[in-house]
Amino acid sequence: MTTDLHTHSRVSDGTESPADLMRAAAAAGLHVVALTDHDTMAGWDEAAAAAEEAGVALVRGIEVSTCFRGVGVHLLAYLPDPADAALQAELDRIVVGREQRVPAMLARLRDLGIPATEEALAEVSGGNEVTGRPHIADLLVRLGVVANRDEAFAGYLTEGGPAYVDRYAPDLLDMIALVHGARGVAVVAHPWGRGSAGVLDEAAFVVLKEAGLAGIEVNHLDHDAHARDGLRRIADRLDLIVTGSSDHHGEGKVGHDLGCETTAPDQLQRIIDRAAALGSPTTVIGGVIGEVR
Ligand code: AMP
Ligand code: ZN
Ligand code: FE
Ligand code: FE
22 MTTDLHTHSR VSDGTESPAD LMRAAAAAGL HVVALTDHDT MAGWDEAAAA
72 AEEAGVALVR GIEVSTCFRG VGVHLLAYLP DPADAALQAE LDRIVVGREQ
122 RVPAMLARLR DLGIPATEEA LAEVSGGNEV TGRPHIADLL VRLGVVANRD
172 EAFAGYLTEG GPAYVDRYAP DLLDMIALVH GARGVAVVAH PWGRGSAGVL
222 DEAAFVVLKE AGLAGIEVNH LDHDAHARDG LRRIADRLDL IVTGSSDHHG
272 EGKVGHDLGC ETTAPDQLQR IIDRAAALGS PTTVIGGVIG EVR
């Protein structure tokens, strides 16, 4: 059984619709796929209908932007209750913060002589619920300023870059508690990828686990073999779930093909069992793993 627990659709900064993403997951031979758009559950319903049809099992998730000791950390939330008002209110606050930063970033680019308008941005990002720097990167590509998203980040959009503007992000510990309270399963995304390796040592994971953390995303392209070994050891010692994923963004992220990194079946089962034990009303939808519905 092949399981990919972290993908993005056009609802955030991927390039495929949720339905197309589910069809692509089935075509790539995945049995189980999680949709984890940034800070929103808006793609869940479309994905669920398409997953059922395509014969792939859907784990409904979110990748939440948080902050820990001054550093940005992404938190994957699996199978939370979409009706949980406290979680939804905090997601809304993040999305509002994202929307507020966009005009400020475009203004910075215009100060640099680049004709980055809201109208031009709407043409490249069309239809997304959550706007991120990758959409502004796509605009820079469209305007011929850079060749691809990576160059746009390196030259303009990365933290501290000339067009970077900060935005609201909740504290990681608070968000873990909110996800847990919403009866979802919290897993730190790519903890030793860009930026957050310095703050997420074993002592930090002890604190995160006390707050309700369930797992660590170990198998991710941002982690080399040494990082994976270290994280796996921490997960073993702290009895945390070990996951893996492509962090697929469609055309938006080169090399992150669906299923290029995966989660072991027993670890997926731990996620499902934990959500069930917490009383989550959100089940895994459709596809071939009938026993976990
Ligand atoms: P934002 O959500 O606006 O903070 O932007 C974060 C998104 O940008 C994530 O999906 C990352 O995958 C992507 N990202 C962050 N840094 C880079 C980078 N250096 N090159 C390409 N994409 C990046
Ligand atoms: Zn993304
Ligand atoms: Fe991420
Ligand atoms: Fe991601």
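In my numbering, each residue's number is its place in the sequence shown (first place is 1) plus 21. Using N, Cα and C, we set each Cβ at its ideal position, and we do this for glycine too.
| request: Determine the extent of the alpha helix (DSSP H) in which serine 146 is found, giving its start and end residues. | output: Locating residue 146 in the sequence shown gives position 125, where the first residue counts as 1. Serine 146 -> alpha helix (DSSP H) spans 139 to 146.
| query | Are the beta-carbon atoms belonging to phenylalanine 21 and leucine 221 less than 9 Å from one another? | reply | Residue 21 lies beyond the range of the chain shown here (22 to 314); nothing can be said about it.
| query | Since threonine 284 and leucine 26 are thought to touch, with beta carbons under 8 Å apart, how far apart are those beta carbons, to the nearest angstrom? | reply | Reading the sequence shown from its first residue, position 263 is the one you call residue 284. Reading the sequence shown from its first residue, position 5 is the one you call residue 26. At roughly 5 Å, the Cβ-Cβ gap stays under 8 Å, so threonine 284 and leucine 26 are in contact.
| Leaving out the 5 sequence neighbours to the left and right, which residues in its chain are closer than 6 Å to histidine 269 when beta-carbon positions are compared? | Within the sequence shown, residue 269 is the residue found at index 248, counting from 1. Same-chain partners within the cutoff: Thr28, His277, Leu279.
| request: Could you say which of Gly76, Gly182, Ile83, Ala55 lies nearest to methionine 62 if we only look at CA atoms? | output: Stepping through the sequence shown from its first residue, residue 62 is reached at position 41. With distances taken between Cα atoms, methionine 62 lies closest to Ile83.
| Smallest Cα separation from methionine 126: which of Leu142, Arg114, Ile115, Ala106? | Locating residue 126 in the sequence shown gives position 105, where the first residue counts as 1. Closest option to methionine 126, Cα to Cα, is Leu142.
| Which residues have a Cβ closer than 5 Å to any heavy atom of ligand 4, listed in chain order? | Glu84, Asp268
| Roughly how far, in whole angstroms, is the beta-carbon of glutamate 238 from the beta-carbon of valine 275, given that I think they are within contact range, below 8 Å? | Translated into positions along the sequence shown, residue 238 becomes position 217. Translated into positions along the sequence shown, residue 275 becomes position 254. Not a contact, Cβ separation roughly 20 Å.
| task | Could you check if valine 7 is buried or exposed, using at least 16 other CB atoms within 10 Å of its CB as the buried criterion? | result | Nothing can be reported for residue 7, as the shown portion of the chain is limited to 22 through 314.
| In chain order, each beta strand (DSSP E) run of at least 3 residues that lies wholly inside the region 231 to 258 | 236 to 240
| message | Closer than 8 Å to a non-hydrogen atom of ligand 3 - does that hold for the CB of histidine 277? | response | Counted from its first residue, the sequence shown places residue 277 at position 256. Checking every heavy atom of ligand 3 against the Cβ of histidine 277, none is found closer than 8 Å.
| Counted within 10 angstroms of its Cβ, other Cβ atoms place aspartate 187 as buried (16 or more) or exposed | Position 166 of the sequence shown, counted from the first residue, corresponds to residue 187. A residue is called buried when at least 16 other Cβ atoms come within 10 angstroms of its Cβ; aspartate 187 does not meet this threshold and is exposed.
| What do you reckon, is the C-beta of serine 217 under 8 Å from a heavy atom of ligand 1? | Residue 217 sits at position 196 when you count from the first residue of the sequence shown. Outside the cutoff, so no.
| Do glutamate 180 and ligand 6 come close, with the Cβ less than 8 Å from some heavy atom? | Within the structure as shown, ligand 6 is missing, the only ligands being ligand 1, ligand 2, ligand 3 and ligand 4.
| Exposed or buried, valine 53, counting other C-beta atoms within 10 Å across all chains shown (16 or more means buried)? | Within the sequence shown, the letter at position 32 stands for residue 53. Buried, by the Cβ-count rule.
| field | Cβ-based neighbour list, leucine 160, same chain, cut-off 7 Å, excluding 5 preceding and 5 following | value | The count along the sequence shown starts at 1 and reaches residue 160 at position 139. Excluding sequence neighbours, leucine 160 sits near Ala137, Ala141, Leu142, Val145.
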